[in-house]
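Residue numbers (my numbering): 439 to 560. Cβ atoms here follow ideal geometry from the backbone N, Cα and C, with glycine treated the same way. Read the structure below first, then the notes.
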């Protein structure tokens with residue numbers, strides 16, 4: 439993650455590790471892929487190796503949902519969740535994917551915002 443979040447880097451890393459490194463109903467690889475996708479370009483809070491090799495594919499129905507959470511969370515509706523449940527996704531899976539996507543989007547925005555304040559190019 440580098441120094442992307444400055445004095446809060448250690449806390450940010452602990453938060454990410456708690457989401458990715460604890461047992462869940464989804465695989466760590468899926469949560470990692472969701473977080474990286476939601477983080478957005480040009481980099482990821484994961485090291486290059488983890489990002490390149492940790493890539494469990496995100497199922498297409500979940501990929502659209504991850505993008506919606508990351509970019510327009512206020513537009514997520516009950517109907518979106520019902521459709522994802524009908525597609526065979528459990529409440530637990532949807533919760534873990536939602537948390538991973540929200541965290542990835544938040545850390546991405548934080549890192550890009552702090553970079554802008556330091557006058558760094560994106």
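For this session: Return the chain-ordered list of same chain residues with a C-beta closer than 8 Å to the C-beta of residue 462, the five sequence neighbours on each side being excluded.
Result: Taking the first residue of the chain shown as 1, we reach residue 462 at position 24. Cβ neighbours of residue 462 beyond the five flanking positions: 469, 530, 534.
Exercise. Grouping DSSP H, G and I as helix and E and B as strand, with all else coil, what is residue 460?
Worked result: Sequence index remark: in the chain shown, residue 460 carries index 22 (1-based). Of the three classes helix, strand and coil, the one that applies to residue 460 here is coil, per DSSP.
For this session: Please look up how many angstroms separate the CB atoms of residue 477 and residue 542, rounded, as I've assumed it's under 8 Å.
Result: Start at 1 with the first residue of the chain shown, and residue 477 comes out as number 39. Start at 1 with the first residue of the chain shown, and residue 542 comes out as number 104. So it is a contact: roughly 4 Å between Cβ atoms.
Problem set entry | Same chain, Cβ closer than 7 Å to residue 555, neighbours up to 5 away in sequence not counted | Residue numbering aside, residue 555 sits at position 117 when the chain shown is read from its first letter. No residues qualify anywhere along the chain.
Exercise. Do residue 504 and residue 539 have their C-beta atoms closer together than 8 Å?
Worked result: Here residue 504 refers to the residue found at position 66 of the chain shown. Here residue 539 refers to the residue found at position 101 of the chain shown. Result yes, Cβ atoms of residue 504 and residue 539 sit closer than 8 Å.
For this session: Return the CA-CA distance between residue 525 and residue 445, expressed in angstroms with no decimal places.
Result: Position 87 of the chain shown holds residue 525. Position 7 of the chain shown holds residue 445. Rounded to the nearest angstrom, the two C-alpha atoms are 42 Å apart.
For this session: Pick helix, strand or coil for residue 542, following the three-state DSSP scheme.
Result: Residue numbering aside, residue 542 sits at position 104 when the chain shown is read from its first letter. Here residue 542 sits in helix by DSSP.
Problem set entry | Span of the alpha helix (DSSP H) around residue 498 | Stepping through the chain shown from its first residue, residue 498 is reached at position 60. Residue 498 -> alpha helix (DSSP H) spans 498-510.
Problem set entry | Whole-angstrom C-beta distance between residue 458 and residue 466, which should lie under 8 Å | The residue you call residue 466 lines up with position 28 of the chain shown. The residue you call residue 458 lines up with position 20 of the chain shown. With 8 Å as the limit, residue 466 and residue 458 qualify as a contact, their Cβ atoms being about 6 Å apart.
For this session: Would you mind working out which of 523, 513, 453 sits nearest residue 499, comparing C-alpha positions?
Result: On the chain shown, position 61 is the one that residue 499 refers to. Selected option, being the one with the closest Cα: 523.
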